[in-house]
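Numbering-wise, the numbering used here puts 186 at position 150 of the sequence shown, and it's gapless, one number per residue. Just below is one structure, and these are the notes that go with it.
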Amino acid sequence: MTDKKINIWKVMFFAVIAVIFLSVLILFFLLSDSNENSDKENITSEDNENFNEYFSVQLTRQQLNKLLNEQIDEDNVKVDFRKNISQVTTSFEFMGRSIEAVMELEPEALDDGNIVFHQRNVSLGNFSLPGSEVLALMDAQADLPEYVNVQSDNNRILIKLDELDIGDNGYYIQAETFQLAEDDIVFNVGK
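Structure, rendered in structure tokens:
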């Protein structure tokens, strides 16, 4: 057998994406049965003419942190949405020492319902790493889903929620707001 080297940035990135996706998916299924009748009467059209909102999910930073960290399978990966940034932290053993890797991202909900994460800082131990290089490496090495677009030249990661189909009935998610400082995180679910 060959030893496979773990790409820590790939693990951190997929952990953030999976956690956001799983949290919205879980909230969708938890709320879809209880709000099905009342929300179908109030269908509205968003900026995207083809999207009909069925219901909205509103979260605070504390609720999102709790939900995401409960869903993360990795014991050593932690996601923390703070006042202005989201911070993904993990640690790994290297030559008998525990090394901490941290990536700081600033989320933003776009007008089309997608989310962009602006990369602000990447550090490995006490060393700050160039974000564009880390993102370029992530884009080149990681097998990312089609709805994830790493734009290393712009130091950002675009999550195309409009290309992410949920369930068999054609449901989609749109981010209405993702304002961490105001504790205002709202996702719309619809068709």
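Just so you know, even glycine gets a beta-carbon here, dropped at the ideal spot from N, CA and C.
Under 8 Å Cβ to Cβ from residue i, same chain only, skipping five residues before and after it: list those, please.
i, result
"arginine 97", "Phe117, Arg118, Lys119, Leu216, Asp219, Ile221"
"lysine 102", "none"
"serine 122", "Val52, Val115, Asp116, Glu140, Leu141, Glu142, Pro143, Phe153, Leu216"
"glutamine 187", "Leu171, Ile193, Leu194"
"serine 164", "Asn157, Val158"
What residues in its chain sit with their C-beta under 6 Å from that of residue i, if we drop five residues either side in the sequence?
i, result
"alanine 137", "Ile44, Thr126, Leu160"
"asparagine 112", "Thr126, Ser127"
"glycine 167", "Gln155, Val158, Asn191"
"serine 134", "Ser127"
"leucine 200", "Tyr183"
"isoleucine 56", "none"
If you drop the 5 nearest sequence neighbours on each side, which residues of the same chain put their C-beta closer than 7 Å to that of residue i?
i, result
"phenylalanine 49", "Met174, Ala178"
"alanine 145", "Ile151, Ala211, Glu212, Thr213, Phe214"
"lysine 46", "Met174, Gln177, Ala178"
Among the options, which residue has its Cα nearest to the Cα of residue i?
i, options, result
"aspartate 147", "Phe223, Asp189, Ala51", "Phe223"
"asparagine 205", "Gln107, Tyr90, Ile53, Ser164", "Tyr90"
"asparagine 191", "Val170, Leu180, Val93", "Val170"
"valine 115", "Val124, Ile108, Gln107", "Val124"
"alanine 172", "Ser164, Ile53, Asn185", "Asn185"
"leucine 87", "Pro181, Gly149, Ser164, Leu104", "Checking the displayed sequence, the identity of residue 87 turns out to be phenylalanine instead of leucine. Nearest of Pro181, Gly149, Ser164, Leu104 to phenylalanine 87, Cα basis: Gly149."
Just mark residue i as buried or exposed, buried being the case when its beta carbon has 16 or more other beta carbons within 10 Å.
i, result
"methionine 139", "buried"
"alanine 176", "exposed"
"glycine 132", "exposed"
"lysine 227", "exposed"
"threonine 80", "Reliability fails at threonine 80, whose pLDDT of 34 lies under 50, so the model's placement of it is uncertain and no value is given."
"phenylalanine 130", "exposed"
"asparagine 78", "Its pLDDT being 37, under 50, asparagine 78 is placed unreliably in this model, and the coordinates cannot settle the point."
Contact criterion: CB-CB distance below 8 Å. Does residue i meet it with respect to chain B?
i, result
"isoleucine 221", "Protein chain content of the structure displayed is limited to a single chain, and chain B is not contained in it."
- Ranges of the beta strand (DSSP E) found wholly within the stretch 179-207, counting only runs of at least 3: 184-187, 192-195
- Along the chain, which unbroken stretches of the beta strand (DSSP E) at least 3 residues long are found entirely within the stretch 107-174? List check, beta strand (DSSP E) in window: 113-117, 122-130, 133-145, 151-160, 163-165.
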